[in-house]
Amino acid sequence: NVISGSGQVVKSGDEMLTLSGANSYTGGTTISGGTLVASNVEALGSGDVTDNATLELNTGGDFDNAISGSGQVVKSGDDALTLSGNNSYTGGTLISDGTLVASNVEALGSGDVTNDAVLELNTGGDFDNAISGSGQVVKSGDKTLTLSGANSYTGGTTISGGTLVASNVEALGSGDITDNATLELNTGGDFDNAISGSGQVVKSGDETLTLSGTNTYTGGTTISGGTLIATHVNALGTGAIDNRASLLLDASGQFAVTDLTTESGGNTEIGAGSTLQATTLTQKSDSTLTINLNSNTADPVIHAASQVSLAGTLDITGVGDVLDSDPASTDDLDTFTLIASDKTIAGDFEKLTVAGMDADLADFITVDGRIDDTGKQYELTTALTWYADRDDAVTDAHGTFNLTNADGSFAVNTVLENVDATLDPDSATGWDGTSLIKQGAGTLILNAENTYTVGTTISGGTLVATNVDALGSGDVTDDATLELNTGGTFDNAISGSGQVVKSGDKMLTLSGTNSYSGGTLISGGTLVATNVDALGSGDVTDDATLELNTGGTFDNAISGSGQVVKSGDDTLTLSGSNTYTGGTIISGGTLVASNVEALGTGDVTNDAVLELNTGGDFDNAISGSGQVVKS
């Protein structure tokens, strides 16, 4: 039956009713119960629809009636249907068959969308409805559309026109993406959907985004903000790269792109083990190219088949990893071909830095970069200044490591052995060839088992030793920070005004008679003191485990959240007013508390002898198999 007139149609009851006529009534439609099926776009007349149950649209065409209410809208049938109204229904949308086209961001109301067929979004704006289901999402039209929901649909995404912006890494569900226009990723996290197509990918926003998929898109990549990390050699497709922010190539193997341009203010970093094959390489003024070396760095790191144009800054990291660890050959220069071009290289880098520090200031290493005599290769030579003491040395040898950047660090894996300071009679440094000085606010990390003999001085920053032989066999003068991130027995004598930090999970024993005064921090593992002077004269901050395997009087103040263990057969007296909270274990000998605060505030597990040589109120709980003596 064809329905006309100015009146309203109400669908009530639980059953399903189909309207199949081309109806022209204008008073609107209310669905209060059951399901109302419209089998053509004119079935519901021209008025608004109040859907408080289920509206099923089994038709194609353009449905522009406004839909409100608490009910659900179902798209069924094989046809393509466009919803063009500004709809406010809240019960969600189910697409079971065909294609549902939303021509504005409000077309699907405010509820979730279950898409088991095709959802086409031919609109711009912010679409924040959550999308689930096995179906596909298509972005069409020239506008820019943002998907901001945490979506779980699995059927993939096709971008046929305009720009599709994903404002979180789950916005495009879990399926593959066919990008034939522009995909903009304004988010951080790990984006592992495979991307194909002729379109472009844009990374925007301030966050760090990782592309980990095997991608084949050909339209190029633009990094306009934040950091883009590629952890697969095919993550960036095959097109040109325009980097205006930060790009890190961080996969073992060769990245292959057409053109790579780093714009002014941008930073392109080639990670250790990564290489780049490009048609052209362009570094603009005020840009930075960072190359991270390692012992397996390939020659060349970058190869350009057509043209290389250089400007800006070349920053080298990982130099400590490539310096030869064989003491017999550490006086040789290591040479790397960083860039090779089939044509003459145009321009040159304006500045050379090492881990962000001006290469001229990193005088503990010799680093030199230059275009070779053919004009087609950019080469880098490196060596520790420690081993530069020879007649033809460009730099006089010295043992001072000066790191001026407080946020910078330098790791040395080369063995530092005694060298003959008389090889270069014209050396002006006066260095004895057997001692190390750490200067500056930065961090120096020594990883090798070093054999230099005269001693170590820390006058600034932090010196990290990752094994007990890292500081050779001489005494240590610590006037800044000595960090021991290792286990074993460290028997070098430590003096000075600085602090000692025990880090890492291992057990480290300090056995020397030490006089440093800057205090001790235990941030991890166990620090064992085998004499009462082992921790110098400063306070102890114990946030892990302090083991005192000694006798005598230990009067350093102890604070922190960690535990104190008394081991060994000797009698040890704690005389400080201590505030540590992690408790006390007495596993051997006798522990004497000479005041009621000596054992901090934690419980005491006594499996030997606890002697309380004090007055006052001792309220720590005591357990264990041991004896308590009041003296």
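With the sequence shown counted from 1, adding 42 to any position gets you this note's numbering. C-beta: ideal position from N, C-alpha, C; glycine also.
With C-beta atoms as the reference, is residue i less than 8 Å away from residue j?
| i | j | result |
| --- | --- | --- |
| N210 | A192 | yes |
| T377 | D405 | no |
| V83 | T60 | no |
| F169 | L189 | yes |
| N492 | A512 | yes |
| S306 | S329 | yes |
| T324 | T303 | yes |
| L318 | I358 | no |
| A490 | V454 | yes |
| V91 | G70 | yes |
| G602 | G580 | no |
| G610 | V638 | no |
| N65 | V52 | no |
| T643 | T615 | no |
| G197 | S176 | yes |
| N460 | T495 | yes |
| G530 | Y558 | no |
| V138 | T165 | Checking the sequence, you will find Ser at residue 138 rather than Val. No. Outside cutoff. |
| N129 | A108 | yes |
| T72 | T96 | no |
| I564 | D585 | yes |
| N100 | G119 | yes |
| L577 | T587 | no |
Quick check: what's the CA-CA separation for residue i versus residue j?
| i | j | result |
| --- | --- | --- |
| N655 | A635 | 6 Å |
| V155 | I173 | 5 Å |
| L552 | G313 | 38 Å |
| T568 | F452 | 26 Å |
| G398 | G593 | 49 Å |
| G484 | N336 | 21 Å |
| D414 | Y259 | 36 Å |
| T321 | N444 | 40 Å |
| E589 | N556 | 16 Å |
| K117 | G140 | 8 Å |
| S316 | S667 | 60 Å |
| S545 | S477 | 25 Å |
| N235 | T583 | 48 Å |
| K393 | L331 | 11 Å |
| D400 | F391 | 13 Å |
| A382 | P342 | 6 Å |
Beta-carbon of residue i versus every beta-carbon of chain C: anything under 8 Å?
| i | result |
| --- | --- |
| I664 | Among the chains of the structure shown, chain C does not appear; only one protein chain is present. |
When DSSP labels each residue in this structure, what does residue i get in the three-state scheme?
| i | result |
| --- | --- |
| Y622 | coil |
| V510 | coil |
| V454 | strand |
| Y195 | coil |
| T317 | strand |
| V361 | helix |
| L135 | The question names Leu, but residue 135 in the sequence shown is Thr. Reduced to three states, the DSSP call for T135 is strand. |
| Y429 | helix |
| S383 | strand |
| S74 | coil |
| T579 | In the sequence as displayed, the identity of residue 579 is Ser instead of Thr. Reduced to three states, the DSSP call for S579 is coil. |
| I45 | coil |
| F233 | strand |
| K326 | coil |
| E226 | strand |
| G497 | strand |
| H440 | coil |
| T310 | strand |
| D90 | coil |
| H345 | strand |
| Y67 | coil |
For residue i, collect the residues of the same chain with a Cβ closer than 6 Å to its Cβ; drop the 5 residues on either side in sequence, then sort them by chain order.
| i | result |
| --- | --- |
| T499 | I479, T519 |
| G134 | Q114, G153, D154 |
| D221 | I201, I237, G239, G241, Y259 |
| T632 | T613, V651, E653 |
| L272 | As written in the sequence, residue 272 is Ala, which differs from the Leu given in the question. Taken in chain order, the residues that qualify are L253, L278, L291. |
| V646 | T626, N662, I664 |
| T464 | Residue placement at T464 is poorly supported in this model, since its pLDDT is 47, which falls under 50; the coordinates are not used for a value here. |
| L289 | I265, L270, T310 |
| S351 | T324, A388, G389 |
Within its chain, find whatever has a CB closer than 8 Å to the CB of residue i; leave out the 5 residues flanking it on each side and keep chain order.
| i | result |
| --- | --- |
| S62 | S81, N82, A85 |
Under 7 Å: does the beta carbon of residue i sit that close to some heavy atom of the ligand MN?
| i | result |
| --- | --- |
| L577 | In the structure shown, the ligand MN is absent, as is every other ligand, since no ligand is present at all. |
Near residue i, what residues of its chain come up, given a Cβ to Cβ distance below 7 Å and the 5 sequence neighbours on each side ignored?
| i | result |
| --- | --- |
| G255 | D234, N235, A236, I237, H274, A277 |
| A370 | Here the model assigns A370 a pLDDT of 38, short of 50, so the residue's position is not dependable, and the following value carries that caveat. Answer for A370: no residue qualifies. |
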